[in-house]
Amino acid sequence: MIIFIFSLMSIFYLFSFLRNKFISSELRPPLPPGPTPLPYIGSIMSMLRNKPTFRWIHNLMEEMKTKILCIRVGNVHIIAVSDPNIALEFLKDTNMIFSSRPDCMSAYLASGGYLNTALAPMGDHWKKMKKILCSEILSVTRHKWLLNKRNEEYDNILRYLKSQYENNVEVTRGFVNVRSIAQQYSSNMARKLMFGSRYFGKGSRDGGPGHEEVEHADSLLTILAYVYAFCVTDYFPWLRWTTDFDGHEKIIRNAIIGARNYQDPLVDERIQEWKDGVKTKENDLLDVFINLKNPPLNADEIKAQILDLAVATLDNVSNNIEWAMAEMINEPRIFDKAVREIDFVVGKDRLVQESDMQNLNFIKACVKEAFRLHPVAPFNLPHVTTLDSTVAGYFIPKGSHVIVSRLGLGRNPEVWDEPLTFNPDRHTNCDKEVVLTDNNLHMFSFSTGLRGCPGVLLGSTITTMLLARLIQGFTWELPPDERLVDLNENLHDLVKAKPLCALAKPRLPHHLYSCAPKLKGSVM
Numbered sequence: 001m002i003i004f005i006f007s008l009m010s011i012f013y014l015f016s017f018l019r020n021k022f023i024s025s026e027l028r029p030p031l032p033p034g035p036t037p038l039p040y041i042g043s044i045m046s047m048l049r050n051k052p053t054f055r056w057i058h059n060l061m062e063e064m065k066t067k068i069l070c071i072r073v074g075n076v077h078i079i080a081v082s083d084p085n086i087a088l089e090f091l092k093d094t095n096m097i098f099s100s101r102p103d104c105m106s107a108y109l110a111s112g113g114y115l116n117t118a119l120a121p122m123g124d125h126w127k128k129m130k131k132i133l134c135s136e137i138l139s140v141t142r143h144k145w146l147l148n149k150r151n152e153e154y155d156n157i158l159r160y161l162k163s164q165y166e167n168n169v170e171v172t173r174g175f176v177n178v179r180s181i182a183q184q185y186s187s188n189m190a191r192k193l194m195f196g197s198r199y200f201g202k203g204s205r206d207g208g209p210g211h212e213e214v215e216h217a218d219s220l221l222t223i224l225a226y227v228y229a230f231c232v233t234d235y236f237p238w239l240r241w242t243t244d245f246d247g248h249e250k251i252i253r254n255a256i257i258g259a260r261n262y263q264d265p266l267v268d269e270r271i272q273e274w275k276d277g278v279k280t281k282e283n284d285l286l287d288v289f290i291n292l293k294n295p296p297l298n299a300d301e302i303k304a305q306i307l308d309l310a311v312a313t314l315d316n317v318s319n320n321i322e323w324a325m326a327e328m329i330n331e332p333r334i335f336d337k338a339v340r341e342i343d344f345v346v347g348k349d350r351l352v353q354e355s356d357m358q359n360l361n362f363i364k365a366c367v368k369e370a371f372r373l374h375p376v377a378p379f380n381l382p383h384v385t386t387l388d389s390t391v392a393g394y395f396i397p398k399g400s401h402v403i404v405s406r407l408g409l410g411r412n413p414e415v416w417d418e419p420l421t422f423n424p425d426r427h428t429n430c431d432k433e434v435v436l437t438d439n440n441l442h443m444f445s446f447s448t449g450l451r452g453c454p455g456v457l458l459g460s461t462i463t464t465m466l467l468a469r470l471i472q473g474f475t476w477e478l479p480p481d482e483r484l485v486d487l488n489e490n491l492h493d494l495v496k497a498k499p500l501c502a503l504a505k506p507r508l509p510h511h512l513y514s515c516a517p518k519l520k521g522s523v524m
């Protein structure tokens with residue numbers, strides 16, 4: 001069957017191959033180095049044999065001793081980059097040429113037909129959505145307006161952990177799955193900011209998420225895993241006419257249904273409330289979307305953007321916190337230094353607040369170091385070239401998919417001393433306030449250029465605050481039968497192979513874990 005399919009591919013791409021073959025290469029620079037492609041089908045067979053694809057690509061770059069790699073799959077050139085200077089050429093210096101997104105089955109489905117911001121190709125719709133995000137949804141003014149909602153979730157996760165400690169039997173007292181807690185916090189935060197409510201339903205009996213929230217978060221994580229996942233039909237799109245070749249389409253369709261079954265009805269209900277004039281609850285981001293006037297959004301655009309924000313809020317925060325806590329527990333010196341900083345800046349008579357963050361440089365350095373060493377994904381979202389161009393002396397054909405290696409940047413031995421060592425002090429060697437971004441692309445926490453993440457302020461804030469609250473609120477140690485945290489990664493992604501489980505014991509006065517008073521904030 002496979003032989004038959006790729007025989008058809010050969011015919012399909014014959015014309016393209018012959019055309020390219022007779023174009024004089026003397027008039028243009030060479031392509032970046034890479035494996036020699038087979039006629040018509042390129043390196044698809046090698047890609048299928050070497051899973052996961054991202055590790056195969058990184059192994060090729062290491063074997064070929066190159067910082068820029070070209071892999072042809074079908075008629076598409078995949079350009080992988082692990083050098084900060086070359087990455088800057090793609091993402092900044094030639095920004096307009098490389099600012100669009102490739103056409104991709106998973107991205108099309110996840111974005112509701114390219115209706116959101118992150119996955120939409122460059123064009124008028126993307127410009128409209130990006131403007132709305134930057135000026136209305138994720139602006140500094142809106143960030144201040146949402147302070148009370150964020151504070152509710154900072155306080156809630158502490159109360160939940162405290163109640164788990166008090167209510168569990170002695171054998172399991174204080175036993176915490178940090179990954180689960182971080183994902184719970186991230187999902188709760190997204191729902192609170194967008195819908196004004198922590199849970200879709202009533203939650204579980206112990207105060208945590210219920211089955212609705214668990215199913216919703218699992219669906220979001222599946223979407224994250226399969227968007228731009230080197231699906232065969234993205235390089236041979238005609239295959240979709242007859243088969244779901246590697247099963248990706250069925251998986252992501254089901255995940256999107258699982259997420260939108262909970263979100264979309266809330267959007268429809270809220271729109272109707274505004275039409276009927278019966279909206280009474282405090283406003284949230286969904287209300288902002290609905291009431292936009294210049295330009296207005298229709299229901300499908302709102303639903304697509306809500307899903308985009310829910311996905312973006314979940315993975316980066318939870319992955320960072322789990323890895324940061326794992327590395328710090330393994331290094332008591334680092335953990336103790338973080339505790340001392342919080343106790344010095346904040347003390348033990350009140351909870352750490354966002355206003356303290358400017359003075360918590362070492363805490364932020366720990367977050368930044370986790371972003372550097374343990375990125376949530378091996379590559380950034382792909383960019384596609386809209387014109388033939390030359391970068392770093394190499395020819396980059398129109399339509400190439402450019403992927404920047406987060407792993408390659410963050411673990412680059414030419415940039416970082418002992419790159420595989422968790423060392424937050426490397427980010428605190430100057431008097432400036434630590435920020436989580438790096439304009440020189442020595443690491444990749446948030447993107448840069450036209451496609452830069454508009455949620456840097458929100459993402460940086462809620463990540464740093466969760467780490468600060470966990471460290472201030474509890475002492476952390478491993479279960480008695482463990483000496484060190486296992487820091488191995490999953491084979492098929494960069495998530496920690498085993499969820500971090502540790503013992504958390506409250507270290508602050510009892511009354512601080514109760515509901516904090518509502519802080520003064522603006523009202524829309």
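full-length UniProt numbering puts the last residue of the sequence shown at 524; the count rises by one with no breaks.
The C-beta atom is built at its ideal place from N, Cα and C for all residues, glycine as well.
As the structure is a prediction and not an experimental result, all values here were calculated from the model.
Find out if the Cβ-Cβ distance for the pair GLY34, ARG72 is shorter than 9 Å. yes
What's the call for HIS492, buried or exposed, on a 16-neighbour Cβ count within 10 Å? exposed
Using only CA atoms, which one of MET96, LEU373, ASN156 lies nearest to THR448? MET96
Quick check on the DSSP output: the alpha helix (DSSP H) that includes CYS366 runs from which residue to which? 361 to 373
For PRO454, which residues of its own chain have a beta-carbon under 6 Å away from its beta-carbon, when the five flanking residues on both sides are left out? LEU133, CYS134, LEU138
Does the distance from the CB of residue 525 to the CB of ALA190 come in under 9 Å? Because residue 525 is not part of the residues shown, which for the chain are 1 to 524, the question remains open.
Going by Cα to Cα distance, which pick from LEU381, LEU387, PRO397, LEU373 is closest to VAL415? LEU373
Identify every run of the beta strand (DSSP E) within the stretch 447 to 479, keeping only runs that are complete inside it and at least 3 residues long; order them along the chain. 474 to 477
According to DSSP, is THR390 part of a helix, a strand, or is it coil? strand
Can you list the alpha helix (DSSP H) stretches of 4 or more residues lying completely in the stretch 96 to 180, in chain order? 105 to 110, 124 to 132, 140 to 145, 147 to 167
Can you list, in chain order, the residues of its chain whose CB lies under 7 Å from that of LEU193, leaving out five sequence neighbours each side? LEU146, LYS149, ASP284, LEU285
Between ALA380 and the rest of its own chain, which residues show a CB-CB distance below 8 Å, the 5 nearest in sequence each way excluded? Strictly speaking, residue 380 in this sequence is Asn, with Ala absent from that position. Closer than 8 Å at Cβ, skipping near neighbours: ILE403, VAL404, ARG406, PHE444, SER447.
How long is the line joining the alpha carbons of GLN305 and LEU27, rounded to whole angstroms? 44 Å
Which residue marks the beginning of the alpha helix (DSSP H) containing PRO265, and which one marks its end? 248 to 276
Checking the sheet assignment: what are the DSSP bridge partners for ILE79? CYS70, VAL402
Using DSSP bridges, identify the partner residues of VAL232. The partner list for VAL232 (beta bridge, DSSP) is empty, contrary to what the question assumes.
Three-state secondary structure (DSSP) of PHE22: With a pLDDT of 48 at PHE22, under the threshold of 50, the predicted position of this residue should be treated as unreliable, though the coordinate-derived value follows. Three-state DSSP puts PHE22 in coil, outside helix and strand.
Alpha carbon to alpha carbon, what distance is there between THR242 and ALA324? 45 Å
Assigned exposure category for ASN254 - 16 Cβ within 10 Å defines buried: exposed
Alpha carbon of ASP268 to alpha carbon of ASP287, nearest angstrom: 12 Å
Cβ-based neighbour list, TYR256, same chain, cut-off 8 Å, excluding 5 preceding and 5 following: Rather than Tyr, the amino acid found at residue 256 in this sequence is Ile. Excluding residues within five positions, the ones whose Cβ falls inside 8 Å are LEU109, ALA110, SER219, ILE223, LEU307.
List the whole-angstrom C-beta distance separating ALA365 from ASN320, where the pair is believed to meet the contact cut-off of C-beta under 8 Å. Not really, about 13 Å apart at Cβ, beyond 8 Å.
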